[in-house]
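Engineer:
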Amino acid sequence: MPAVPRLAHLRIGSLSLRSRITLLVTMLAVVLLAPTGLGAATIARQRLSDMEWRQARAQAAITAQDVLRRRLTYPVVPRIAGIDLVQVVTSDHHVLDSSAAARTLPPLTAVLPSPQRPRLDVQSCGDPRVGCVRLSVVLAGTARGSPVVYAGGRVPGLVSTGIFDTFFAVQVVGLVSLTAWTTWRVTGRVLRPVEAIRAELASINLGDLDRRVPVPPGRDEIARLADAVNGTLSRLDQARRCLERMVERQRQFASDASHELRTPIAGLRAQLEEVQLHPEDSDLPAVLERALGDVDRLESIAADLLLLARLGSEGAHRRIRLDLAELVRGELARRLPRCLLHACLEPGTEVEAEPVHLRRALGNLLDNALRHARRNVWVEVRRVRDGALLTVTDDGDGIPESDRERVFHRFTRLDTARSRNHGGTGLGLAIAREVAHAHEGTLSIEDCAEGGARFVLRLPLAPPATGAREEPAPGDL
37 MPAVPRLAHL RIGSLSLRSR ITLLVTMLAV VLLAPTGLGA ATIARQRLSD
87 MEWRQARAQA AITAQDVLRR RLTYPVVPRI AGIDLVQVVT SDHHVLDSSA
137 AARTLPPLTA VLPSPQRPRL DVQSCGDPRV GCVRLSVVLA GTARGSPVVY
187 AGGRVPGLVS TGIFDTFFAV QVVGLVSLTA WTTWRVTGRV LRPVEAIRAE
237 LASINLGDLD RRVPVPPGRD EIARLADAVN GTLSRLDQAR RCLERMVERQ
287 RQFASDASHE LRTPIAGLRA QLEEVQLHPE DSDLPAVLER ALGDVDRLES
337 IAADLLLLAR LGSEGAHRRI RLDLAELVRG ELARRLPRCL LHACLEPGTE
387 VEAEPVHLRR ALGNLLDNAL RHARRNVWVE VRRVRDGALL TVTDDGDGIP
437 ESDRERVFHR FTRLDTARSR NHGGTGLGLA IAREVAHAHE GTLSIEDCAE
487 GGARFVLRLP LAPPATGARE EPAPGDL
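Position one of the sequence shown corresponds to residue 37 (this note's numbering), numbered consecutively onward.
1) State the start and end residues of the unbroken alpha helix (DSSP H) segment that holds His-393.
2) Identify the residues that DSSP records as bridge partners of Arg-522: which are they?
3) On the three-state DSSP scale, how would you describe Gly-366?
4) Measuring CB to CB, does Leu-171 end up less than 9 Å from Ala-92?
5) Return the chain-ordered list of same chain residues with a C-beta closer than 8 Å to the C-beta of Pro-391, the five sequence neighbours on each side being excluded.
6) Once DSSP output is grouped into helix, strand and coil, what is the label at Val-311?
7) Grouping DSSP H, G and I as helix and E and B as strand, with all else coil, what is Thr-140?
8) Determine the burial state of Ile-79: buried for a count of at least 16 other Cβ atoms within 10 Å of its Cβ, exposed for fewer.
9) Measuring straight from C-alpha to C-alpha, what distance separates Asp-340 and Ser-239?
10) Suppose you measure from the CA of Glu-309 to the CA of Ala-338; what does that come to, to the nearest Å?
11) Report the rounded CA-to-CA distance for Arg-365 versus Pro-300, giving the unit in angstroms.
12) Using DSSP with H/G/I as helix, E/B as strand and the rest coil, what is Asn-241?
13) What are the complete beta strand (DSSP E) segments, minimum 3 residues, inside the stretch 263 to 300?
14) So, under 8 Å CB-CB, Val-112 and Asp-133 are touching, yes? Tell me the CB distance rounded to an integer number of Å.
15) For Ser-135, count neighbouring Cβ atoms within 10 angstroms of its own Cβ and tell me buried if that reaches 16, exposed if not.
16) My assumption, with CB atoms under 8 Å, is that Leu-304 sits in contact with Ala-327. Please give the rounded CB distance.
17) Over what stretch of residues does the alpha helix (DSSP H) that includes Ala-445 continue unbroken?
18) Would you kindly report the start and end of the unbroken alpha helix (DSSP H) that includes Gln-95?
19) Quick one: is Gln-288 near chain D, going by C-beta distance under 9 Å?
20) His-475 by DSSP, collapsed to three states: which one?
21) Since Ile-356 is in the beta strand (DSSP E), which residue starts that stretch and which ends it?
22) Would you mind stating whether Val-471 and Ala-397 have Cβ atoms separated by less than 9 Å?
23) Note down the Cα distance separating Val-205 from Trp-217, rounded to an integer number of angstroms.
24) Within a Cβ cutoff of 6 Å, which residues of the same chain sit near Leu-497, ignoring the five residues on either side of it in sequence?
25) Quick check on the DSSP output: the beta strand (DSSP E) that includes Leu-426 runs from which residue to which?
26) Please state whether DSSP places Arg-374 in a helix, a strand or coil.
27) Look up Arg-490 in the DSSP assignment and say whether it is helix, strand or coil.
28) Counting along the chain, where does the beta strand (DSSP E) carrying Glu-325 start and finish?
29) How many Å lie between Ala-369 and Ala-466 at the Cα?
30) Verify whether the separation of the beta carbon atoms of Leu-426 and Leu-401 is less than 9 Å.
31) My guess is that Val-103 and Pro-114 are in contact by the Cβ rule of under 8 Å, so how many angstroms apart are they, rounded?
32) Cα separation between Arg-285 and Phe-447?
33) Taking one C-beta from the stretch 56 to 65 and one from the stretch 147 to 155 each time, how about it: are there three or more such pairs within less than 8 Å?
34) Gln-95: buried (16+ other C-beta within 10 angstroms of its C-beta) or exposed?
35) For Glu-441, name the three-state secondary structure that DSSP assigns.
36) State the DSSP-derived secondary structure class of Leu-261, mapped to helix, strand or coil.
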């Protein structure tokens, strides 16, 4: 690109949108109005000239008739408005008669018609006393030596000096200026809401994402832009709040994790230091047994933390089709409960899940119920209208409604469960809920008639196998 066009492009590109629109409209107005003004001036000049020629011809014809009929007066009285110069001259340029305006003037032109061309139109600028004149030259008669009639008038100044063109040029400049001014004002008024949106948006920072830009009335593009900006601000505000909650949860999680890890580490260190300081007074087998218990607890916490970190990062390609009732039956068979287990498992309740993760969630729910039950634990699997339903119910002390969400937080223990003698790491229910969410399901706590806790896991049913007929769920009957 040449240097000059590139520089012009950069200068135009640096202008504001308002300036560019005004410049564009002004250029279009110049392109449209300049030829229009020039054409109008040309047409007006031509019409005025044609009218003057018609008037001159008419007056010349009238005067020629008067000469032929010998009714010529002295001075000649023009009968056509706008025609004041009339002369009757001989073939040797001697003035026989004239109008009052031409009385002291020599012949207005040296042009003489001929029998072959008895009528001529002449524009003459020879005499400075009259300036330029337009004359109709008519031969008054056909005989040799017949007089000649000159009739016409001075050329108007608007036509002869170019003032006519100047007048139209001034009109064009005025219209272009008015167009530019109107475009500037209208564009400024139209873009005023955009500037208000820009100013408000520029003043919003991370701490006040709850603010919104002004929305102009109507449903035009600017109003839709303001709505879109406000929608984006709302999503940013929600993302910020979500991020703050996540950061707070991570901070609390790190604090709780360090506390949970510190306890077995401190116990392990104390036991080892005791053996080191007093080896002769220490029961080494008992110390090793307690140390192994602390190591087992550390291992459990580390394994649970690793599982929580991996949940959601492993894709759905690891999921398989499995029978939820059979999976629960297998988990029940692996346990030696201290209380009665009541199972109601509907076969054929199939889901698509990652078996290791889902088995871990089921195991955590069963272990939680067995730890807190007095005598009975009920497990039910069935199909419902919107998916597969698994409930685990115990007849223990139950969970207050105000704590039913808090128990799913990591390292959360209620007052009745704070003793670590119950076992567990404080992550079991958190893992179970994360597994449910990873499988597009839910895990919640509901009221139950037995007075204990009733955990309800809902998962979407697996799509029907190809070629198989889907049986209606009991809830659909």
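No residue lacks a Cβ here, since even glycine has one placed at the ideal position from N, Cα and C. Small disclaimer: the values here were computed from a predicted structure and weren't measured.
Structural biologist: Per the coordinate set shown:
1) Per DSSP, His-393 belongs to the alpha helix (DSSP H) from 391 to 408.
2) Because residue 522 is not part of the residues shown, which for the chain are 37 to 513, the question remains open.
3) It is helical.
4) When the beta-carbon positions are compared, Leu-171 and Ala-92 come within less than 9 Å of each other.
5) Here the set comprises Ile-356, Leu-358, Leu-363.
6) Note: Val-311 maps to helix in three-state DSSP.
7) DSSP places Thr-140 in coil when its eight states are reduced to three.
8) Of the other Cβ atoms in all chains shown, fewer than 16 fall within 10 Å of the Cβ of Ile-79; this residue is therefore exposed.
9) Each residue's alpha carbon lies about 45 Å from the other.
10) Glu-309 and Ala-338: Cα-Cα distance of roughly 24 Å.
11) Going by the C-alpha atoms only, they are around 34 Å apart.
12) Residue state, collapsed to three classes: coil.
13) Within the stretch 263 to 300, no beta strand (DSSP E) run of at least 3 residues lies entirely inside it.
14) So it is a contact: roughly 6 Å between Cβ atoms.
15) By the Cβ-count criterion, Ser-135 is buried, with 16 or more other Cβ atoms from all chains shown falling within 10 Å of its own Cβ.
16) About 5 Å separates the two Cβ atoms, so the contact holds.
17) The question names Ala, but residue 445 is His in the sequence shown. Going by DSSP, His-445 is part of no alpha helix (DSSP H) at all; its letter is neither H nor E.
18) For Gln-95, the enclosing alpha helix (DSSP H) has its first and last residue at 53 to 104.
19) The chain labelled as chain D is not found in the depicted structure, where only one protein chain is given.
20) His-475 sits in coil when the DSSP states are folded into three classes, being neither helix nor strand.
21) Start and end: 356 to 359.
22) Here Val-471 is near Ala-397, since their CB atoms are less than 9 Å apart.
23) The question names Val, yet the displayed sequence has Ala at residue 205. Per the coordinates, the alpha-carbon of Ala-205 lies some 18 Å from the alpha-carbon of Trp-217.
24) So the qualifying residues of the chain are Gly-423, Ala-424.
25) For Leu-426, the enclosing beta strand (DSSP E) has its first and last residue at 423 to 430.
26) Here DSSP, grouped into helix, strand and coil, assigns Arg-374 to coil.
27) Arg-490 sits in a strand when the DSSP states are folded into three classes.
28) It is not in any beta strand (DSSP E) - Glu-325 instead sits in the alpha helix (DSSP H) that spans 320 to 346.
29) Their backbone Cα atoms lie some 24 Å apart in a straight line.
30) Against a cut-off of 9 Å, the Cβ pair of Leu-401 and Leu-426 comes out as a contact.
31) Beta-carbon to beta-carbon, Val-103 and Pro-114 are separated by about 14 Å, too far to satisfy the 8 Å threshold.
32) Looking at the two C-alpha atoms, the distance is approximately 11 Å.
33) Touching, no.
34) Buried is the label assigned to Gln-95, since at least 16 other Cβ atoms lie within 10 Å of its Cβ.
35) Here Glu-441 sits in coil by DSSP.
36) In the displayed model, Leu-261 falls within a helix according to three-state DSSP.
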